[in-house]
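Below is one structure, written out as structure tokens; the observations come after it.
Number of protein chains: 2
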Amino acid sequence: MDPTLDVVGVGNAIVDVIATVDEEFITEHSLAKGAMTLIDSDRATSLYDSMPPGIEASGGSAANTMAGVASLGGVAAYIGKVRADQLGEVFAHDLRAAGVGFDVAPSPSGDPTARCLIQVTPDAERTMNTFLGISAVLAPEDIDEALVASAAITYCEGYLYDTDVAKAAIRRAMDVASEAGRTVSMTLSDSFCVDRHRREWLDLFSDKVDLVFANESEITSLFETDDFDAAARKITDLVPMAAITRSAKGSVVVTPDDTIVVPASVVEQLVDATGAGDLYASGFLHGIATGASLQRCAEMGSIAAGEIISHIGARPHVSLSSLV
Amino acid sequence: MDPTLDVVGVGNAIVDVIATVDEEFITEHSLAKGAMTLIDSDRATSLYDSMPPGIEASGGSAANTMAGVASLGGVAAYIGKVRADQLGEVFAHDLRAAGVGFDVAPSPSGDPTARCLIQVTPDAERTMNTFLGISAVLAPEDIDEALVASAAITYCEGYLYDTDVAKAAIRRAMDVASEAGRTVSMTLSDSFCVDRHRREWLDLFSDKVDLVFANESEITSLFETDDFDAAARKITDLVPMAAITRSAKGSVVVTPDDTIVVPASVVEQLVDATGAGDLYASGFLHGIATGASLQRCAEMGSIAAGEIISHIGARPHVSLSSLV
Chain Y
32 MDPTLDVVGV
42 GNAIVDVIAT
52 VDEEFITEHS
62 LAKGAMTLID
72 SDRATSLYDS
82 MPPGIEASGG
92 SAANTMAGVA
102 SLGGVAAYIG
112 KVRADQLGEV
122 FAHDLRAAGV
132 GFDVAPSPSG
142 DPTARCLIQV
152 TPDAERTMNT
162 FLGISAVLAP
172 EDIDEALVAS
182 AAITYCEGYL
192 YDTDVAKAAI
202 RRAMDVASEA
212 GRTVSMTLSD
222 SFCVDRHRRE
232 WLDLFSDKVD
242 LVFANESEIT
252 SLFETDDFDA
262 AARKITDLVP
272 MAAITRSAKG
282 SVVVTPDDTI
292 VVPASVVEQL
302 VDATGAGDLY
312 ASGFLHGIAT
322 GASLQRCAEM
332 GSIAAGEIIS
342 HIGARPHVSL
352 SSLV
Chain E
32 MDPTLDVVGV
42 GNAIVDVIAT
52 VDEEFITEHS
62 LAKGAMTLID
72 SDRATSLYDS
82 MPPGIEASGG
92 SAANTMAGVA
102 SLGGVAAYIG
112 KVRADQLGEV
122 FAHDLRAAGV
132 GFDVAPSPSG
142 DPTARCLIQV
152 TPDAERTMNT
162 FLGISAVLAP
172 EDIDEALVAS
182 AAITYCEGYL
192 YDTDVAKAAI
202 RRAMDVASEA
212 GRTVSMTLSD
222 SFCVDRHRRE
232 WLDLFSDKVD
242 LVFANESEIT
252 SLFETDDFDA
262 AARKITDLVP
272 MAAITRSAKG
282 SVVVTPDDTI
292 VVPASVVEQL
302 VDATGAGDLY
312 ASGFLHGIAT
322 GASLQRCAEM
332 GSIAAGEIIS
342 HIGARPHVSL
352 SSLV
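Heads up: the sequence lines are chains Y and E, in that order. The first sequence runs 32 to 355 under our numbering. The second sequence runs 32 to 355 under our numbering.
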């Protein structure tokens, strides 16, 4: 059966709390600049107490990617877990209002909806501190198998790969997609994630994944090397295709036979790097779903990423379809 | 005893949900463009469902004003009611992080924290739809009398003047301030508010208020006239001083003996009018608290308002003290 959906994303459903801070704030609170650090409820409270006034905006890596796919004109859906609370309502509203299908019922009990405390420094780098809350317990039974089977591509988030139950949910989604003859993709998400799960991920990729997304530090961390080119070659031993972003240096698409280098978009004002990788994936996935060349897939990724880093927040402010 | 606080604000504690929409959205949903409309929980749900993705940012008219006073270097506190829920936490965090004292305990029960669904149109006008939630039941016993007595100025919000209990809270605050020999000020907030409460307000002002804030449509509505100059003269029969904003035409300060006209600040890009009046009041109140001339008070109001309308949201993005 032909797919009726372009992409379904599976990830941590998160509301971002974004504040601009100076470099001293990062040092003073011993934050891992540019990375995503998991924090517990107590740490979330104390870090939030020390943060300047902020704004709240829906986030979550794969959810941002799906919002980008929809903004590009693709048909997207999302699977992730929120609590029946105010931030859960905000998350669901914003995703649906962005045109993404989202039908996972909010949980009536358990931890609150996840939030990510994001500090944006004057260099536009973002430092993320995530309290996963209920998002961490997305379970295999939350995976709508018919939905996954109906999507040309299933896109899973490395960030979600944390609890045993969420790992099982990811595997379930991948298996359902494979059995339906669909494309399975996954993003490495963060170099600390890679470091925590390297062994399991190397097996997971070679067993179940067709397309890997990574940035430079993630792909080199995966193969424990400083040599980018070597890492980019090695990933093609595991998966048929990988799209690797290199910030201002653009991106590289590798297959067993080919290496395609695409420059980054020119951005007038770099404001907030949050969501750059997520939106690159939007453009690339939309390209794959619409049968574009790999060169064009990467170009659309660059354009979508360029829009997102020109403003605060990780969801598009304009229709991306008008940009590509 | 000398005041230890410059200003205490009393108002509806609200979190704003802000989305940019086109003019058609306003027409289609029969919204009162540029005004503040009170909505119930059902209407809030259905309107939110139809809104595009948004961001959440702490708001509330008097709370915005207090954040502005603190940003100008003044000592400010706030009295308003939130529920012990996620939006209540956000409101309290943002206000305290802005340097404003806020010690009203969140209510463990009752309606949720207030939210205001704000649509910003391409002309930068804001249309507000407020679900008052628990903020509407701020009660006389929530008024910290020692706090109010310690403030040089008490600033009350016309928006809060809605339920009987909130009306009593405003009167309590005004009485405490008067008895302590302090200045009592109030903003008319919105022309529909004026229309609902005209009779009561005319008495309230002449009995208890020293300084009134208004915009052009509010002051003319108060006296049911189209003649701005006549309305501006009439208010001085009731109160010793009024500061009246006229959008791009700047502001006018009237006393029984004097009329001072001050131009608006030049703003490079008008983005979102939300908070313009609130921040004008910040600058003016800070001027009064620091013994500035009325001319200078109005100028500081214009500068603070100019900053706020140059970006989305009703709280300052930069230190206002660096601008004045």
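Built from N, CA and C at the ideal position, the CB exists for glycine as well.
{"query": "Nearest-angstrom beta carbon gap, Ala204(Y) and Thr218(Y) [assumed within contact, 8 Å]", "result": "Not a contact, Cβ separation roughly 14 Å."}
{"query": "Any chain Y beta carbon closer than 9 Å to Gly85(E)", "result": "yes"}
{"query": "Ile291(E) vs Val297(E) beta-carbon contact at 9 Å", "result": "no"}
{"query": "Interface partners of Met82(Y) on chain E, CB under 8 Å", "result": "His124 and Ala128"}
{"query": "Boundaries of the beta strand (DSSP E) in which Leu148(E) is found, first to last residue", "result": "Ala145 to Val151"}
{"query": "Simplified DSSP assignment, three categories, for Ala155(E)", "result": "coil"}
{"query": "Residues of the segment 288-305 of chain E whose Cβ lies closer than 7 Å to any Cβ of chain Y, in chain order", "result": "none"}
{"query": "CB contact flag (Val240(Y), Val270(Y), <9 Å)", "result": "yes"}
{"query": "Alpha-carbon to alpha-carbon, Phe223(E) and Ala182(E)", "result": "30 Å"}
{"query": "Cross-chain neighbours of Val240(E) in chain Y, by beta carbon under 7 Å", "result": "Ordered by position in chain Y, no residue passes the 7 Å Cβ test against Val240(E), which lies about 30 Å from the chain."}
{"query": "Residue burial classification, Thr35(E) (beta-carbon count within 10 angstroms, cutoff 16)", "result": "exposed"}
{"query": "Contacts around Pro143(Y), its chain only, beta-carbon distance under 6 Å, and the 5 residues preceding and following it disregarded", "result": "Arg114, Asp116 and Gly164"}
{"query": "Helix, strand or coil at Asn160(Y) [DSSP, three-state]", "result": "strand"}
{"query": "Check whether Gly105(E) and Val135(E) have beta carbons under 9 Å apart", "result": "no"}
{"query": "First through last residue of the alpha helix (DSSP H) which encompasses Glu249(E)", "result": "Glu247 to Leu253"}
{"query": "Residue closest to Ile45(E), alpha-carbon to alpha-carbon, out of Ser248(E), Gly119(E) and Ser77(E)", "result": "Gly119(E)"}
{"query": "Nonlocal neighbours in the same chain, by C-beta distance under 7 Å from Asn16(E), ignoring five residues either side", "result": "No answer is possible for residue 16(E): it lies beyond the span of chain E, which begins at 32 and ends at 355."}
{"query": "Exposure label - Pro84(Y); buried when at least 16 CB within 10 Å", "result": "buried"}
{"query": "For Ser216(Y), the nearest candidate out of Asp268(Y), Asp226(Y), Asp238(Y) and Leu242(Y) (CA to CA)", "result": "Leu242(Y)"}
{"query": "Reduced DSSP category for Ser350(Y) - H, G, I as helix; E, B as strand; rest coil", "result": "coil"}
{"query": "Straight-line Cα distance separating Ile86(E) from Asp125(Y)", "result": "9 Å"}
{"query": "Contact residues within the segment 129-150 of chain E, judged by C-beta distance below 9 Å to chain Y", "result": "Ala129, Pro143, Thr144 and Arg146"}
{"query": "Within-9 Å CB hit, Arg346(Y) to chain E", "result": "yes"}
{"query": "Partners in chain Y for Ser89(E), counting only beta-carbon separations shorter than 8 Å", "result": "Pro84"}
{"query": "Same chain, Cβ closer than 6 Å to Leu253(E), neighbours up to 5 away in sequence not counted", "result": "Val225"}
{"query": "Asp33(Y), DSSP secondary structure in three states", "result": "coil"}
{"query": "Residues of the segment 104-125 of chain E whose Cβ lies closer than 7 Å to any Cβ of chain Y, in chain order", "result": "Asp116, Gln117, Leu118, Val121, His124 and Asp125"}
{"query": "Own chain, CB closer than 7 Å to Phe56(Y), minus 5 neighbours either side, in chain order", "result": "Gln150"}
{"query": "For Leu69(Y): DSSP bridge partner residues", "result": "Thr161(Y)"}
{"query": "Near the ligand MG: Ala66(E) beta-carbon under 8 Å from a heavy atom", "result": "This structure lacks the ligand MG; in fact it carries no ligand of any kind."}
{"query": "Nearest candidate by alpha-carbon position, reference Met32(Y), set Ala180(Y), Ala107(Y) and Ile70(Y)", "result": "Ala180(Y)"}
{"query": "Inter-residue Cα distance where the pair is Gly130(E) and Asp257(Y)", "result": "46 Å"}
{"query": "Contacts that Tyr311(E) makes with chain Y (C-beta to C-beta distance below 9 Å)", "result": "What Tyr311(E) touches in chain Y: nothing, since even the nearest Cβ is about 20 Å away."}
{"query": "Nearest residue (CA-CA) to Ser313(Y), options Val302(Y), Gln300(Y) and Glu330(Y)", "result": "Glu330(Y)"}
{"query": "Pairwise C-alpha distance: Phe244(Y) and Ala261(Y)", "result": "16 Å"}
{"query": "Glu255(Y) vs Ser278(Y) beta-carbon contact at 9 Å", "result": "no"}
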